[in-house]
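Report on one structure; see the data block that follows.
Protein chains: 2
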Amino acid sequence: MKQSWNAYANEHIVIEPGSSGSLSGKSFAVKDVFDIAGYTPGAGNPDWLRTHGPSARHAAVIERLLGSGARLEGTTITDEIMYSINGENAHYGTPVNPKAPGRIPGGSSSGSAVVVSAGLADFAIGTDTGGSVRVPAAYCGIYGMRPTHGVVDVSGLIPLAPSFDTVGWMARDAQTLLDVGRVLLDEKVSNGKREGFSRLIFAQDLWELPDEHSKNVLLRFFPMLQSLAGVHEEVVLASEGLREWMNAFRVIQGLEIWREHGGWVTREQPSFGPGIAERFAWASTLKPEENNEAFARRDRVRVKMEELLGGDAVLVVPTVPAIAPLLQLSGAEVEKRRVQTLEMSCVAGLAGLPQVTVPVIGELGCPIGLSFIAGRNQDLRLLEWVANVVDDRMKQMG
Amino acid sequence: MKQSWNAYANEHIVIEPGSSGSLSGKSFAVKDVFDIAGYTPGAGNPDWLRTHGPSARHAAVIERLLGSGARLEGTTITDEIMYSINGENAHYGTPVNPKAPGRIPGGSSSGSAVVVSAGLADFAIGTDTGGSVRVPAAYCGIYGMRPTHGVVDVSGLIPLAPSFDTVGWMARDAQTLLDVGRVLLDEKVSNGKREGFSRLIFAQDLWELPDEHSKNVLLRFFPMLQSLAGVHEEVVLASEGLREWMNAFRVIQGLEIWREHGGWVTREQPSFGPGIAERFAWASTLKPEENNEAFARRDRVRVKMEELLGGDAVLVVPTVPAIAPLLQLSGAEVEKRRVQTLEMSCVAGLAGLPQVTVPVIGELGCPIGLSFIAGRNQDLRLLEWVANVVDDRMKQMG
Chain A
1 MKQSWNAYAN EHIVIEPGSS GSLSGKSFAV KDVFDIAGYT PGAGNPDWLR
51 THGPSARHAA VIERLLGSGA RLEGTTITDE IMYSINGENA HYGTPVNPKA
101 PGRIPGGSSS GSAVVVSAGL ADFAIGTDTG GSVRVPAAYC GIYGMRPTHG
151 VVDVSGLIPL APSFDTVGWM ARDAQTLLDV GRVLLDEKVS NGKREGFSRL
201 IFAQDLWELP DEHSKNVLLR FFPMLQSLAG VHEEVVLASE GLREWMNAFR
251 VIQGLEIWRE HGGWVTREQP SFGPGIAERF AWASTLKPEE NNEAFARRDR
301 VRVKMEELLG GDAVLVVPTV PAIAPLLQLS GAEVEKRRVQ TLEMSCVAGL
351 AGLPQVTVPV IGELGCPIGL SFIAGRNQDL RLLEWVANVV DDRMKQMG
Chain B
1 MKQSWNAYAN EHIVIEPGSS GSLSGKSFAV KDVFDIAGYT PGAGNPDWLR
51 THGPSARHAA VIERLLGSGA RLEGTTITDE IMYSINGENA HYGTPVNPKA
101 PGRIPGGSSS GSAVVVSAGL ADFAIGTDTG GSVRVPAAYC GIYGMRPTHG
151 VVDVSGLIPL APSFDTVGWM ARDAQTLLDV GRVLLDEKVS NGKREGFSRL
201 IFAQDLWELP DEHSKNVLLR FFPMLQSLAG VHEEVVLASE GLREWMNAFR
251 VIQGLEIWRE HGGWVTREQP SFGPGIAERF AWASTLKPEE NNEAFARRDR
301 VRVKMEELLG GDAVLVVPTV PAIAPLLQLS GAEVEKRRVQ TLEMSCVAGL
351 AGLPQVTVPV IGELGCPIGL SFIAGRNQDL RLLEWVANVV DDRMKQMG
């Protein structure tokens, strides 16, 4: 798989802020799947670019960021049609992971994670359907946020699987992640002036997924985290196995992807890189009526997560199973890791809940991430808790 | 409230079919909220029309219908921004209910129901978020279908509350309702060659809602319906009360409506008729974080309905509480009926399930409806069962 030394899709797209605000002086980059007036988002695929026209106006989140003083500096490479969490792009090259060269950056918001990790932009906008912000943020050693489904405006975004699609963001520090959240989150999602969470939940089955080294590194933080919450609970999330949760996620995602893009794929017969072509081919075979169990499972997952978290608990989970895989791994090995990773990242996806990933140094000095999942609409409270409390404590521990 | 003797928004929009097919020779009308190339959908409000431009292409369902041989003959009046089930429009007038003159037609797909009921079109397309196809179909004495959420393409439709929005359709006979379903439903939603349903479920709490006359008329069909299914069960759907289900529906709908259209309302300060203005004002006050319980309740309703219906049961419910209210009723009285009706219609809405309403003659010779709700993706099976079995038996009973 070829590498790209430039993580930008187009670094010449520069837009000055519309007015000054809380993000004045900050630069940001945007995944190449959002509308920018006068440009055509390419979605990481040359045939997409060729068969679509320029956007009439900016996506809603870009308007908000420009209106808050941030300067747009470029669009970034994405996995093709966002349908991967690996960060490999056969057409434009795989962006180089600045914190783990020789390893994949994670995707699909690969370029967004890379330009932030490399210090080329203060923050970046991506999309997270099944982990596409959280996974590259973890592999590239930065902070990443997937919000509650529905609270950040997706207008002007190429859809992937709308019932899971969210606009997420990444930054090199927790304060910037919070500052961007204050701009992007629906102004009605307030934190209600409550601080922290009173219950910390440890999901045993999720902690069986990371490799030994990653688990040991991440578990060092546990006594400190427990001291921040009054109550500490251990649970098994999926008595039926997390593989079943992931399968429900993949099936619903596949059905929605084919509904959104099957017509285009069938009509244009686009050229896809390895993995992507197979994934679309698989999605095309899914029949809604044969997959009712996936929807029923998602509903049960949502009820279970609501009962577990309510408005006052946070679930602590690893973001990825291990450091980023090597670039020269075979397609089969990368696919195996993708499935392991989806077993972790599908939880917030299925439940529609907010998740923040915080960078941690793992094996060989390469990044991994520690994640926090909170209840519905607890987005700002979660970002504030991470920025004001958790981040400092984790840094004190080194 | 003024009446309109013309249920069309624009009867001069006529589009010939693109090719012949299963709907050749049939005419249809379209609610004025769908894209038709070169025209601007008005959504029942002059300020909407003034502040929006013409559509570049047809909505997906219109393309499908034209491609199957049907002829488009006009767009139809809708309640303003689809945010009502009454069928009253202060700007364009309330379309006359052909089967119950002097009474409201129901809405928001009011014009679509009226032109079909009056014999001006063979079928019509509407939208159903909280009852906007089912309710006017029942009040106007025709057949109506709300499909499983997500199985009929909503591209080119002005959204109301996307997690509930569906494209529905209406016809004067069950066979046409089925024929249109075969065209509009995702080709992958097959009926698997299964016929009928093995369990018939009677929800006691839903049957406490209609008035005495309507209940007696509808319950006459019960012994016949029981004879069609092997098993007959009685349940209470909502131990917490259907009012709580309806409140969850209204809150989530309100949050989504304000997310979709709050910006436009705030910016343009559109002129709204009675009821609509108050509803938007209420929606503007809703805060996501204060309404997490509504989302949790919806998830629990979905799990409950899936457990109840699975793939092999059908729930028999009244479509509306009584015959259509008189036009001269006060706003408060119409609002009271709207709430009663939503308690019935919110069930399929919350659960995302398909519902067919069959016309029945009620008090004073005015129409009411008997409805059937099936499990996820059982749409074609439900339409076939109604067209091939239920409808004949009901007609035999007169």
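So the protein lines, in turn, are chains A and B.
The UniProt record's numbering numbers the first residue of the first sequence as 1 and each following residue consecutively.
The UniProt record's numbering numbers the first residue of the second sequence as 1 and each following residue consecutively.
Note that beta-carbon positions come from the ideal geometry of N, C-alpha and C, so glycine has one too.
Check the C-beta distance from Asp122(A) over to Lys2(A) and give it rounded, since I have them as a contact under 8 Å.
-> The residue given as residue 122(A) occupies position 122 in the first sequence. The residue given as residue 2(A) occupies position 2 in the first sequence. So it is not a contact: roughly 29 Å between Cβ atoms.
Comparing the C-beta of Asp186(B) with each C-beta of chain A, is any distance below 8 Å?
-> Here the question's residue 186(B) lines up with position 186 in the second sequence. Judged by the 8 Å Cβ criterion, Asp186(B) is in contact with chain A.
Looking at the structure shown, is Pro46(A) part of a helix, part of a strand, or coil, going by DSSP?
-> As a first step, residue 46(A) must be located in the first sequence, where it is residue number 46. Three-state result, Pro46(A): helix.
Contact list for Val151(B) against chain A, beta-carbon separation under 7 Å | Here residue 151(B) refers to the residue found at position 151 when the second sequence is read from its first residue. Ordered by position in chain A, the residues that pass the 7 Å Cβ test against Val151(B) are Pro288.
In its own chain, which residues sit with a C-beta less than 8 Å from the C-beta of Val235(B), not counting the 5 before and 5 after it?
-> Stepping through the second sequence from its first residue, residue 235(B) is reached at position 235. Around Val235(B): Ile201, Phe202, Ala203, Gln204 and Leu308.
From which residue to which residue does the beta strand (DSSP E) around Asp128(B) run?
-> In the second sequence, the residue the question calls residue 128(B) occupies position 128. Counting along the chain, the beta strand (DSSP E) containing Asp128(B) begins and ends at Phe123 to Asp128.
Of the choices Cys366(B), Gly69(B) and Val152(B), whose alpha-carbon is the least far from that of Ser20(B)?
-> Within the second sequence, numbered from 1, the residue matching residue 20(B) stands at position 20. For the residues Cys366(B), Gly69(B) and Val152(B), the minimum Cα distance to Ser20(B) belongs to Gly69(B).
Please check if any C-beta of chain A sits within less than 8 Å of the C-beta of Glu306(B).
-> The sequence position of residue 306(B) within the second sequence is 306, counting from 1. With its beta carbon less than 8 Å from one in chain A, Glu306(B) belongs to the interface.
Give the straight-line distance between the Cα atoms of Leu209(A) and Ala324(A), rounded to the nearest whole angstrom.
-> Residue mapping note: residue 209(A) aligns to position 209 of the first sequence, counting from 1. Residue mapping note: residue 324(A) aligns to position 324 of the first sequence, counting from 1. Going by the C-alpha atoms only, they are around 15 Å apart.
Rounded separation between Trp207(A) and Glu343(A) - CA only = In the first sequence, counting from the first residue as 1, residue 207(A) sits at position 207. In the first sequence, counting from the first residue as 1, residue 343(A) sits at position 343. Each residue's CA atom was taken as its position, placing Trp207(A) and Glu343(A) some 11 Å apart.
In angstroms, rounded to a whole number, what distance separates the CA positions of Thr129(A) and Gly230(B)?
-> Translated into the one-based positions of the first sequence, residue 129(A) becomes position 129. Translated into the one-based positions of the second sequence, residue 230(B) becomes position 230. Going from the Cα of Thr129(A) to the Cα of Gly230(B) covers about 43 Å.
Identify whether Met145(A) lies in helix, strand or coil by the three-state DSSP scheme.
-> To locate residue 145(A), count along the first sequence from 1; it is residue 145. If DSSP states are grouped into helix, strand and coil, Met145(A) belongs with the strands.
Extent of the continuous alpha helix (DSSP H) run through Val183(A) = The sequence position of residue 183(A) within the first sequence is 183, counting from 1. That run of the alpha helix (DSSP H) goes Ala174 to Leu184.
Any idea what DSSP makes of Ile85(A), helix, strand or coil?
-> Taking the first residue of the first sequence as 1, we reach residue 85(A) at position 85. Three-state DSSP puts Ile85(A) in coil, outside helix and strand.
Tyr8(B) by DSSP, collapsed to three states: which one?
-> For the purposes of this step, residue 8(B) is identified with residue 8 of the second sequence, where counting begins at 1. Reduced to three states, the DSSP call for Tyr8(B) is strand.
Starting from Lys31(A), follow its DSSP beta bridges and name the residues at the other end.
-> Against the first sequence, residue 31(A) aligns to sequence position 31. According to DSSP, which records beta bridges pairwise, Lys31(A) is partnered with Thr76(A).
Note down, in chain order, all residues in the stretch 296-320 of chain B with a beta-carbon under 7 Å from any beta-carbon belonging to chain A.
-> Ala296, Asp299, Arg300, Arg302, Val303, Glu306 and Gly311
Residue range of the unbroken alpha helix (DSSP H) whose run includes Met394(A) = As a first step, residue 394(A) must be located in the first sequence, where it is residue number 394. Counting along the chain, the alpha helix (DSSP H) containing Met394(A) begins and ends at Asp391 to Met397.
List the residues of chain A that Gly375(B) touches, going by C-beta distances under 8 Å, in chain order.
-> Along the second sequence, read from residue 1 onward, the residue named residue 375(B) stands at position 375. Asn292, listed in chain order.
Neighbour-count burial assignment, Asp392(B), 16 or more Cβ in a 10 Å radius | The residue you call residue 392(B) lines up with position 392 of the second sequence. By the neighbour-count rule (16 or more Cβ atoms within 10 Å), Asp392(B) is not buried but exposed.
Thinking Ile77(B) and Thr341(B) are a contact (beta carbons under 8 Å), I'd like their distance in whole angstroms, please.
-> Translated into the one-based positions of the second sequence, residue 77(B) becomes position 77. Translated into the one-based positions of the second sequence, residue 341(B) becomes position 341. Between Thr341(B) and Ile77(B) the Cβ distance is about 19 Å, and since that is not below 8 Å, they are no contact.
Mind checking whether Asp312(A) and Phe164(A) have CB atoms under 8 Å apart?
-> Your numbering for residue 312(A) matches position 312 in the first sequence. Your numbering for residue 164(A) matches position 164 in the first sequence. 8 Å or more divides the Cβ of Asp312(A) from the Cβ of Phe164(A).
Pull up the DSSP beta-bridge partners for Ile257(B), would you.
-> Walking along the second sequence from the start, residue 257(B) turns up at place 257. According to DSSP, Ile257(B) bridges with nothing at all.
Are three or more beta carbon pairs between the stretch 107-120 of chain B and the stretch 80-99 of chain B nearer than 8 Å?
-> yes
Using a Cβ-Cβ cut-off of 8 Å (strictly less than) and excluding sequence neighbours within five positions of Leu185(B), which residues of its own chain qualify?
-> Walking along the second sequence from the start, residue 185(B) turns up at place 185. Once the five neighbours on either side are set aside, the close Cβ partners of Leu185(B) are Pro147, Val151, Val152, Asp379 and Leu380.
Rounded straight-line distance, which links the Cα of Arg71(B) to that of Gly398(B) | As a position in the second sequence, residue 398(B) is number 398, starting the count at 1. As a position in the second sequence, residue 71(B) is number 71, starting the count at 1. Rounded to whole angstroms, Gly398(B) to Arg71(B) spans 33 Å at the Cα level.
Taking the DSSP output, what are the residues bridged to Pro359(B)?
-> Here residue 359(B) is taken as the residue at index 359 of the second sequence, counted from 1. Note: Pro359(B) sits in a beta bridge opposite Gly369(B).
Could you please give me the residues that DSSP links to Val316(A) through a beta bridge?
-> Within the first sequence, numbered from 1, the residue matching residue 316(A) stands at position 316. For Val316(A), which the question treats as bridged, DSSP gives the partners Phe202(A) and Phe372(A).
To the nearest angstrom, report how far apart residue 441(B) and Val358(B) are at their CA atoms.
-> Because chain B is modelled from 1 through 398, residue 441(B) falls outside the range shown and cannot be assessed.
Reduced DSSP category for Thr40(A) - H, G, I as helix; E, B as strand; rest coil = Locating residue 40(A) in the first sequence gives position 40, where the first residue counts as 1. Coil at Thr40(A), not helix or strand.
Would you kindly report the start and end of the unbroken alpha helix (DSSP H) that includes Glu333(B)?
-> Here residue 333(B) refers to the residue found at position 333 of the second sequence. Note, Glu333(B): alpha helix (DSSP H), Gly331 to Ala351.
Helix, strand or coil at Val231(A) according to DSSP, with G and I counted as helix = The residue labelled residue 231(A) in the question sits at position 231 within the first sequence. It is a strand residue.
Across which residues does DSSP place Gln3(A) in a beta bridge pair?
-> Counting from one through the first sequence, the residue named residue 3(A) turns up at place 3. Beta-bridge pairing links Gln3(A) to Thr94(A).
First through last residue of the alpha helix (DSSP H) which encompasses residue 412(A) | Nothing can be reported for residue 412(A): it is not among the residues displayed for chain A, which extend from 1 to 398.
Check whether the stretch 276-285 of chain A touches the stretch 343-354 of chain A, taking contact to mean three or more Cβ pairs, one atom from each stretch, closer than 8 Å.
-> no
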